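Each residue of the sequence shown is one higher than the one before, starting from 64 at the first, in the working numbering.
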Amino acid sequence: MNARKFIKSFRYAMQGIATATKEQNLRFHLLSAIIVIIVGLLTDLSRTEWVIITLVIALVIGAELFNTAIERVVDLASPQIHPLAKQAKDIAAGAVLVFAGASVIIGLLIFLPKWFSF
């Protein structure tokens, strides 16, 4: 394994994340993650709950990064408006919505019982 190439790959990945942070939706997810982390620190979460929260945050942000990459590739491959290009972009955005929706449900299942006794 070439250590220099390995280190460069991390630099490229960080450049990709930095580029994607220009996207409004990714910034929204990052802000939401920061809020959840702060609320989590103020709430007595167990180690298992932190693992779940961390995994959910990573999945949503990862899905948004994939969505952004798919949108860029589709725009490159199909600069003109095309129904299949639109479908590909809409499907990728839908995947992010599914992850985000599930993360809200998971967050409610973790936080609500700690805040309110049912």
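Note that CB positions come from ideal geometry on N, CA and C, so glycine has one too.
Predicted model, so just to flag it, every value in this text is computed and none were measured.
Does the beta carbon of tryptophan 113 fall short of 7 Å from some heavy atom of the ligand FMN?
-> As far as ligands go, the structure on display features none, and thus does not contain the ligand FMN.
So, helix, strand or coil for proline 176, using DSSP?
-> helix
First and last residue of the uninterrupted alpha helix (DSSP H) at glutamine 87 | 87 to 105
Just the C-alpha distance for isoleucine 80 and leucine 128, rounded to the nearest angstrom, thanks.
-> 8 Å
Secondary structure of threonine 111, DSSP reduced to three states = helix
Inter-residue spacing [alpha-carbon to alpha-carbon] between glutamate 86 and threonine 131 = 8 Å
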